[in-house]
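As numbered in my numbering, residues 2 to 226 make up the sequence shown, in order. All remarks here apply to the structure that follows.
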Amino acid sequence: MRSKLSIAIDGPAGSGKSTVARRVAEILGILYLDTGAMYRAVTLKALQDGIYLDDHEKLTALANQVELKFKKMSDGAYQLFMDGKNINEEISSFVVTENVSQVAAVSGVREALVQRQKQIGAESGVVMDGRDIGTVVLPHADLKIFLTASLEERAQRRWLELKAKGINVSKQKISEDLKQRDAFDSNREISPLRPADDSITIDTTGMSIEQVTEKIVNLSKHNQN
Numbered sequence: 002m003r004s005k006l007s008i009a010i011d012g013p014a015g016s017g018k019s020t021v022a023r024r025v026a027e028i029l030g031i032l033y034l035d036t037g038a039m040y041r042a043v044t045l046k047a048l049q050d051g052i053y054l055d056d057h058e059k060l061t062a063l064a065n066q067v068e069l070k071f072k073k074m075s076d077g078a079y080q081l082f083m084d085g086k087n088i089n090e091e092i093s094s095f096v097v098t099e100n101v102s103q104v105a106a107v108s109g110v111r112e113a114l115v116q117r118q119k120q121i122g123a124e125s126g127v128v129m130d131g132r133d134i135g136t137v138v139l140p141h142a143d144l145k146i147f148l149t150a151s152l153e154e155r156a157q158r159r160w161l162e163l164k165a166k167g168i169n170v171s172k173q174k175i176s177e178d179l180k181q182r183d184a185f186d187s188n189r190e191i192s193p194l195r196p197a198d199d200s201i202t203i204d205t206t207g208m209s210i211e212q213v214t215e216k217i218v219n220l221s222k223h224n225q226n
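Right under this line is the structure:
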C-alpha cells in the first residue's frame, strides 16, 4: 500500500463507520482520523465551559482555539487528546451524543475543523470517517465508501455499545434519537449527510465488522491496480 492512500468513509450514526475505519487503517498501516470525535470534543468543551449551544460565535471561537491532537498509543490505536488530555471516554457520553449534531451544524465550527482535517489528509495516507468526508473534506479521495444499515440494526449496535459502558438507555429511546439525528444531519444547510456521487454504498445490515472491513480493504487494493 502506498503511504498517501486516502479513504473516505461516510454514513449515518450507528452504521459502524468508526469501528470499520479504524480496522481498515490498521490493516493498511495508515492513519485513522475520526472526524466525529473532533466535533464531539468541541461539544464536550462547550458543555464543560457552560457555552450555550445556540451561541454560534462562541462555539466557532472555541473550535478555532481548542487544541486537538490524535496520538498513537502503545497498542497502535490513535486516541484524541484535547488540550493535552485524553478524552476518548468522555466524548462517548450520552450527553455529548445527544448534542453533537447541533454543534456540528454550526458553519464556523465546521470550517475550523474541516480545515484541520484537510491539512491532515494532505500530509499523509489516511482513513477518515464522518458525514461529509467524500463530499467536502476529501473530495479527491482514492476510495469513497458510504456505509448504511437499517435503523433497527443501528439502534441495536448503539444499545450494546452503551450497555458495555454501563449506560442504561432503552432501545426505543436510542432509535428515536438516531431517527432525529438522521433527519438533522441529512437536512442541515452546511455539508449535509449524503453519499458522494462517486462513492460505493455498502449496506452493513446483517454483516459483521470483519466482513465490512474485508470488503473495503479489497476495494482499496482493487482501486490501486
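Ideal Cβ positions, reconstructed from N, Cα and C, are used throughout, including at glycine.
Continuous alpha helix (DSSP H) stretch holding residue i: start and end
i	result
Tyr33	Tyr33 -> not in any alpha helix (DSSP H); beta strand (DSSP E) instead, spanning 32-35.
Lys70	Here Lys70 belongs to no alpha helix (DSSP H); instead the beta strand (DSSP E) covers 69-73.
Ile28	18-29
Leu176	Checking the sequence, you will find Ser at residue 176 rather than Leu. Note, Ser176: alpha helix (DSSP H), 172-188.
Leu1	For residue 1 there is no data in the structure shown, the boundaries of the chain being 2 and 226.
Val138	Premise fails: Val138 is in no alpha helix (DSSP H) and is neither H nor E.
Glu99	95-105
Glu90	Premise fails: Glu90 is in no alpha helix (DSSP H) and is neither H nor E.
Ala197	That residue, Ala197, is in no alpha helix (DSSP H); it is neither H nor E in DSSP.
Asn65	57-66
Buried or exposed by the 16-neighbour rule on C-beta atoms within 10 Å, applied to residue i
i	result
Val96	exposed
Tyr33	buried
Tyr53	exposed
Asp50	exposed
Ala123	exposed
Leu81	buried
Met74	exposed
Thr206	exposed
Gln118	buried
Ser209	exposed
Which of helix, strand or coil DSSP assigns to residue i
i	result
Glu83	Sequence inspection shows Met at residue 83; the Glu mentioned does not correspond to that position. Here Met83 sits in strand by DSSP.
Ser221	helix
Val127	strand
Met208	coil
Gly15	coil
Leu114	helix
Gly45	According to the sequence shown, residue 45 is Leu rather than Gly. Leu45: helix per DSSP, three-state reduction.
Tyr40	helix
First and last residue of the uninterrupted beta strand (DSSP E) at residue i
i	result
Thr202	201-204
Thr149	144-149
Ser7	7-11
Cα-Cα separation between residue i and residue j, rounded to whole angstroms
i	j	result
Lys86	Thr44	15 Å
Leu163	Ser93	9 Å
Asp55	Pro193	19 Å
Asp143	Ile8	6 Å
Leu139	Leu69	19 Å
Gly30	Lys18	18 Å
Gln103	Asn169	23 Å
Met2	Asn89	Unreliable placement is indicated for Met2, whose pLDDT of 42 sits below 50; no coordinate value is reported for it.
Gly37	Ala197	18 Å
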